[in-house]
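> Going left to right, the sequence shown walks through residues 15 to 342 as this note's numbering numbers them. Here a beta-carbon is modelled for each residue, glycine too, at the ideal position from N, C-alpha and C. Since we're looking at a predicted model, the values are computed, not measured. Quick one: the structure is below, questions incoming.
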Amino acid sequence: MKRFKITLIILIALGSFANATAQAKKRFKGKPIEAGITFGGSNYMGDLSKGVAMNETNMMGGIICRFNYNDFITLRGNAVFGQISGNDQNYKGDVAFQHLDQAGNPLDITRGQRNLNFKSNIVEFSAIGEWNILGFEETTRGTPYTPFLFAGIGVFKFNPRTQFNYMPGMVDAQGQALHNVQLEQYDGEWIELQTLGTEGQGTTKYNDRKRYNLTQISIPLGVGFKQQVDDYWAWGIEFGARKTFTDYLDDVSLDYVDDQIVGGANGYLAAALKDRCSEQIDPSTGLPYERFYMGNPRGSTKGSDWYMFLNVTITRKIIGGKTLCFTF
């Protein structure tokens, strides 16, 4: 009896799948569906950039599926993997902020002194609508190429990391040693930052600062060009920026917090990585730079971070469509 029930369930499932497939083919008859790959470069804009730093361009790639609803509207889904990164040393001479020292005197702090950096993988799933400006009709009245605009919604996963550079004699802002024996073992390692709470997340003193979510919503916006090259194949190129709703793609947003509070709650590595200036030697003293005092700005809260892709697409028609007859 048990085998009979299992067999019956399998047969019903197969029948339902076959019926759904037949209905889909009937519904999409004459409306092409394409599938393919995409690849190119990725970049980011945030607290550790002043725009798009070309030397921080990384690789991206993924798969796409397009449903050509009519001549002017195309719907598509993306599954994309990429990487973003940023580094203060790209703009090391630029003033980042004005800080106050222990006596209350103003100090200009350069990006090179702040010395923050990160990299993060990005995994994105998105649903996007394309508006084909010239139309993309597969008849002699149409055109096999068109520029297009696109917008949509996506879900992405990120996880900022940084490489720790151990510096002997590292001390906190009060001049206390940062337990260098414990820190030395992490020299050269890539450390995940979200769990460390580098801006006080996870401490009782800064209990209003919650750890940011590593899964977020994005709004893809962009422009592109695509061309049908024969009865089945098409290619395109596009630039798309992703508006996010987090200021923590780079783990930088607010101000410096107390070394002892962060170190006591989240560990000495968290205290060391919240302020990277002491990984460098101050030429005037021959010692590591003095760490910044709490309350001084670490990042900017003026806006959320962005990431972007410049990519090529190659697709093949898998369902529907008509025989093409191009005119130019």
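#1: Do you know how far the Cα of E304 is from the Cα of Q274?
#2: Are there three or more Cβ pairs, one per stretch, closer than 8 Å when the stretch 72-85 is compared with the stretch 104-113?
#3: Check the C-beta distance from T176 over to L287 and give it rounded, since I have them as a contact under 8 Å.
#4: Between which two residues does the alpha helix (DSSP H) harbouring Y282 extend?
#5: Would you mind working out which of L62, L163, M322, Y321 sits nearest K240, comparing C-alpha positions?
#6: Would you kindly work out how many angstroms separate the C-alpha atoms of E198 and Y180, rounded to a whole number?
#7: What's the gap between the Cα of T154 and the Cα of V237?
#8: Among Q97, M59, K45, N146, which has the Cα closest to the Cα of A165?
#9: Where does I275 fall in DSSP's three states?
#10: Under 8 Å: do the stretch 210-226 and the stretch 280-297 share three or more Cβ pairs, one atom per stretch?
#11: Does the beta-carbon of S298 have 16 or more other beta-carbons within 10 angstroms, so that it is buried, or is it exposed?
#12: In chain order, what residues of the same chain have a beta carbon less than 7 Å from the beta carbon of F306, not counting five sequence neighbours either side?
#13: List the residues that DSSP assigns as beta-bridge partners of V169.
#14: Over what stretch of residues does the beta strand (DSSP E) that includes G309 continue unbroken?
#15: Does A284 pass the burial test, meaning 16 or more other C-beta atoms within 10 Å, or should it be called exposed?
#16: Could you tell me the boundaries of the beta strand (DSSP E) in which G100 lies?
#17: Could you tell me which residues DSSP pairs with I332 in its beta bridges?
Quick look at the numbers:
#1: Roughly 15 Å between the two C-alpha positions.
#2: In this structure the stretch 72-85 does not touch the stretch 104-113; the number of beta carbon pairs closer than 8 Å is below three.
#3: A Cβ-Cβ separation of about 6 Å places T176 in contact with L287 under the 8 Å criterion.
#4: From DSSP, the alpha helix (DSSP H) with Y282 extends over 282-288.
#5: Comparing Cα positions, the closest option is L163.
#6: Those two C-alpha atoms are separated by around 6 Å.
#7: Note on T154: pLDDT 40, under 50, position unreliable in the model; no value is reported.
#8: Between A165 and the set Q97, M59, K45, N146, the nearest pair of CA atoms involves N146.
#9: In this structure, I275 counts as helix in the three-state DSSP scheme.
#10: The stretch 280-297 and the stretch 210-226 touch, with three or more beta-carbon pairs separated by less than 8 Å.
#11: By the beta-carbon neighbour count (other beta carbons within 10 angstroms, threshold 16), S298 is exposed.
#12: Contacts found: H113, A187, Y270, D289, C291.
#13: V169 is bridged to F139, I231.
#14: Note, G309: premise wrong, no beta strand (DSSP E); not H, not E.
#15: Taking a 10 Å sphere around the C-beta of A284, we find 16 or more other C-beta atoms and assign the residue as buried.
#16: 87-101 is the extent of the beta strand (DSSP E) around G100.
#17: Per DSSP, I332 has no beta-bridge partner at all.
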